[in-house]
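**Student:**
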Amino acid sequence: MAENNKLLEVKDLVIRYETDDGVVEALNGVSIDIYTGKTLGLVGETGAGKTTLAKGILRLIPSPPGKIVGGEVIYDGKDLLKISEEEMRKIRGKHISMIFQDPMTSLNPVMTVRDQIMEVILQHNRISKKEAEKRAEDMLELVGIPAERGHEYPHQFSGGMKQRVIIAIALACQPKLLIADEPTTALDVTIQAQVLDLIQKLKTRDNTSMLLITHDLGVVAQTCDYVGIVYAGEIVEYGTLREVYKDMRHPYTKGLMASIPNLVENVRRLQTIEGLMPDPTNLPKGCKFSDRCKYATDKCREKVPEMVNVGGEHMVRCILAQQEK
Ligand code: SF4
């Protein structure tokens, strides 16, 4: 992928939370690139650090207890971690938008849905209220909601419809990057597919880049160009969808794949990865997967393995990959 297609670059991002139980090492030096018009899927278990990364990009980490202690987030030649809060407000919603998992917590219950879409349009554009109203209604139609329902309140919509409203708000200003954090998890399966299709359609229309956070490898296979596997606050495998799915190298990625029914052929019993993710206040010194990995040796526990390029854009954080290289 050509360098000039890079839209956003996260370099070595480190985020901590100070809690009564100790310091939570939520993100431990994550680097990702997001390219124009492409989708990067971040996959991992709950608590792996995916949402922390998304919130870190938008500087939405509650502080205290959270703190970005290192790294850079480069967008349009600027480090978003260094600009003023006022500049950051102009970026949020207009350049980078986020869709959260639960539509209920993202919508304002006492505002009509049209007014909520208008609000973001008026915040970022110098246009009349009338024009904003027209644009809001167009956005509603675009996401499959009749414009005349714009005067209704969130509680008058089903879960899937509410998520459509959220999508309309997130895309109302045609952002360059959409961050979608488990956008369909709270919805039932048939609605999930419709909402994913809608996101894909609108993304293609505007050539929007997307960071899609999910625990569902099936969703990634359908929607992503790149994939990053996240474990205990680190990316452990990264590459194009094809590179990772055709030639997975990290034992954790292999475990995740083996636990997905629709990606496994002729397997009678699905496998699960034994054990739990390590306590983020007390992470192992070396490879963070070592407590659960059947290939672990003393060497794995000495220091954190480096990311190794195993061909193309495919990177793996495992000493076995170093040896196989
Ligand atoms: Fe397993 Fe060692 Fe590779 Fe970690 S570095 S995934 S413990 S083989």
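For the sequence shown, the positions run 9 to 333 when my numbering is used. In this text, a Cβ means the ideal position worked out from N, Cα and C, and glycines have one as well.
Could you name the residues that DSSP lists as bridge partners for VAL22?
**Tutor:** Numbered from 1 along the sequence shown, position 14 holds the residue referred to as residue 22. Beta-bridge pairing links VAL22 to ASN36, GLY78.
**Student:** Answer yes or no: do VAL128 and ALA180 have a C-beta to C-beta separation smaller than 8 Å?
**Tutor:** Indexing the sequence shown from 1 puts residue 128 at position 120. Indexing the sequence shown from 1 puts residue 180 at position 172. Contact flag set, yes.
**Student:** Touch check for the region 213–230 and the region 287–294: three-plus C-beta pairs under 8 Å?
**Tutor:** Contact between the region 213–230 and the region 287–294 is absent, because fewer than three Cβ pairs lie under 8 Å.
**Student:** Looking at the secondary structure, which residues open and close the beta strand (DSSP E) in which ASP189 lies?
**Tutor:** Within the sequence shown, numbered from 1, the residue matching residue 189 stands at position 181. Note, ASP189: beta strand (DSSP E), 185–189.
**Student:** Would you verify that the beta carbon of LYS14 is, or is not, closer than 8 Å to some beta carbon of chain C?
**Tutor:** Annotation note: the requested chain C is absent from the structure, which comprises a single protein chain.
**Student:** Spatial neighbours of ILE187 within its chain, please: C-beta separation below 6 Å, excluding the five flanking residues on both sides.
**Tutor:** Start at 1 with the first residue of the sequence shown, and residue 187 comes out as number 179. The answer, listed in chain order, is ALA62, MET106, LEU219.
**Student:** Quick check: the Cα distance between GLY263 and THR280, rounded to an integer number of angstroms?
**Tutor:** Within the sequence shown, the letter at position 255 stands for residue 263. Within the sequence shown, the letter at position 272 stands for residue 280. Cα to Cα, the separation comes out at about 7 Å.
**Student:** Using C-beta distances below 6 Å, list every residue in its chain close to GLU310, excluding the 5 sequence neighbours before and after it, in chain order.
**Tutor:** Walking along the sequence shown from the start, residue 310 turns up at place 302. Cβ neighbours of GLU310 beyond the five flanking positions: GLY294.
**Student:** Give every residue whose Cβ lies closer than 5 Å to any heavy atom of the ligand SF4, listed in chain order.
**Tutor:** Matched residues: PRO259, CYS295, PHE297, SER298, CYS301, TYR303, ALA304, CYS308, PRO313, CYS326, ILE327, LEU328.
**Student:** Can you round the beta-carbon distance between LYS19 and SER39 to whole angstroms, since I take them to be within the 8 Å contact cut?
**Tutor:** Sequence index remark: in the sequence shown, residue 19 carries index 11 (1-based). Sequence index remark: in the sequence shown, residue 39 carries index 31 (1-based). Yes, they are in contact, since the Cβ atoms of LYS19 and SER39 sit about 5 Å apart, within 8 Å.
**Student:** If you run the structure through DSSP and keep just helix, strand and coil, what is VAL173?
**Tutor:** Indexing the sequence shown from 1 puts residue 173 at position 165. The answer is helix: DSSP assigns VAL173 an H, G or I state.
**Student:** Leaving out five residues on either side along the sequence, give the residues of the same chain with a beta carbon under 6 Å from the beta carbon of PRO313.
**Tutor:** Start at 1 with the first residue of the sequence shown, and residue 313 comes out as number 305. Excluding positions up to five away in sequence, the list reads CYS295, ARG325, CYS326, ILE327.
**Student:** Taking contact to mean 3 or more Cβ pairs, one atom from each stretch, closer than 8 Å, check whether the region 190–199 and the region 151–158 are in contact.
**Tutor:** No contact exists between the region 190–199 and the region 151–158.
**Student:** Output the residue ranges of the beta strand (DSSP E) runs that lie fully inside the region 46–92 and measure 3 residues or longer, sorted by chain position.
**Tutor:** The qualifying runs are 47–51, 74–83.
**Student:** In the structure shown, what three-state DSSP assignment does ALA10 receive?
**Tutor:** As a working mapping, residue 10 is identified with position 2 in the sequence shown. Its pLDDT being 45, under 50, ALA10 is placed unreliably in this model, and the value from its coordinates should be taken loosely. Coil, per DSSP.
**Student:** With distances taken Cα to Cα, identify the nearest neighbour of ARG213 among GLY247, VAL151, VAL121.
**Tutor:** If you number the sequence shown from 1, residue 213 lands on position 205. When each option's Cα is compared against that of ARG213, the closest is VAL151.
**Student:** Does the separation of the CB atoms of MET285 and GLU53 fall below 8 Å?
**Tutor:** Looking up residue 285 in the sequence shown gives position 277. Looking up residue 53 in the sequence shown gives position 45. A contact, by the Cβ cut-off of 8 Å.
**Student:** Tell me the rounded alpha-carbon separation between ALA365 and HIS132.
**Tutor:** Beyond the ends of the chain as shown, which are 9 and 333, falls residue 365; an answer cannot be given.
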